[in-house]
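In what follows, a structure is listed as structure tokens, so that the remarks can point back to it.
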Amino acid sequence: MPIRAAVLRTFCVLSALCSVPRGLGMRWGGQGSGQELTTESVDPKVLFWTGAFINMSVVVGLAIYGIRQLRDGFPSRHRSLMITASLLVVGFMLAYALKLVFLGREDLSVWSQAAVWTLRFHETCVLTMVVGGALALRWGSQLCTTRSFTLNSDDPEADPALVNRHRRAGRTAVIGAVLGLLSSGFVLMGMYARLS
Ligand code: HEM
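Next comes the structure, spelled out in structure tokens:
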């Protein structure tokens, strides 16, 4: 199938470009009279998760900056930043679906119990972020015509219950994202450690 071949080839090229020694360290192997620097390609799955970690860092950065913009009195910047962060999350979910098709799942049988629990915690955080973010987007878009968003006193006042719901969902999503990022760092470190 041509698409499958193209995606696999892209992963291989990226993997080759990022050809770093396993375990992220330079390894010297004494062969013959001199010592040689040996390099091996990173597993494409680890490469995928490294990209996902960078993506999640950007999502968290945008979300925190988005809240700051709101507190500084710029609701429209808040909206744009939150929508951009949400699009990156959607982009990750599409990439993850492709990863499942082309690279398959992780082999958790070689993971330690602690690593599996860290992964489960991370997945819970991501689920919290996705559900909270979707609700915040839904309720946030209902605020767009209110003076909370437009800052125009001619516009109708927002329903305080809606504002509260939006805030609670938004804060839950951002907390999920921050904890999800931290736990993904540990999950990724474990992946690199298992390479060596
Ligand atoms: C259509 C998109 C969105 C719009 C139009 C919007 C609009 C607003 C507005 C007008 C407020 C201020 C409410 C008030 O105090 O009167 C607010 C607060 C807030 N929003 Fe959004 N929002 C959007 C998306 C999001 C998303 C996706 C999240 C999180 C994932 C989020 C998180 C928050 C948080 C945490 C607060 C409270 C900030 C604080 O503690 O001061 N928003 N939003």
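Heads up, the sequence shown is in the working numbering, so the first residue is 791 and it goes up one at a time.
The beta carbon of each residue, even a glycine, is placed where N, CA and C say it ideally should be.
Values in this document were obtained by computation on a predicted structure and should not be read as measured data.
A residue is called buried when at least 16 other Cβ atoms come within 10 angstroms of its Cβ; Ala887 does not meet this threshold and is exposed.
For Phe892, the CB stays at least 7 Å from every heavy atom of ligand 1. Check the Cα spacing between Met846 and each of Leu837, Thr935, Phe838 and Val879: the tightest is with Val879. It is roughly 7 Å from the alpha-carbon of Trp839 to the alpha-carbon of Leu978.
Minimum Cα-Cα distance from Leu927 among the listed residues Asp945, His912 and Arg957 corresponds to Arg957. Separation of Val916 and Ala905 (C-alpha to C-alpha, rounded to the nearest whole angstrom) is 16 Å. Runs of the alpha helix (DSSP H) spanning 4 or more residues and lying entirely within the segment 835-919 occur at 865-892, in chain order. Straight-line spacing of the CA atoms in Ser866 and Gly856 works out to 10 Å. For Pro950, the three-state secondary structure derived from DSSP is helix. Around the CB of Met919, 16 or more other CB atoms lie within 10 Å, so the residue is classed as buried. Under the three-state reduction of DSSP, Ser973 is assigned to helix.
Remark: the shortest separation between the CB of Arg957 and any heavy atom of ligand 1 falls under 7 Å. A straight line joining the alpha-carbon of Gly863 with that of Arg869 spans about 12 Å.
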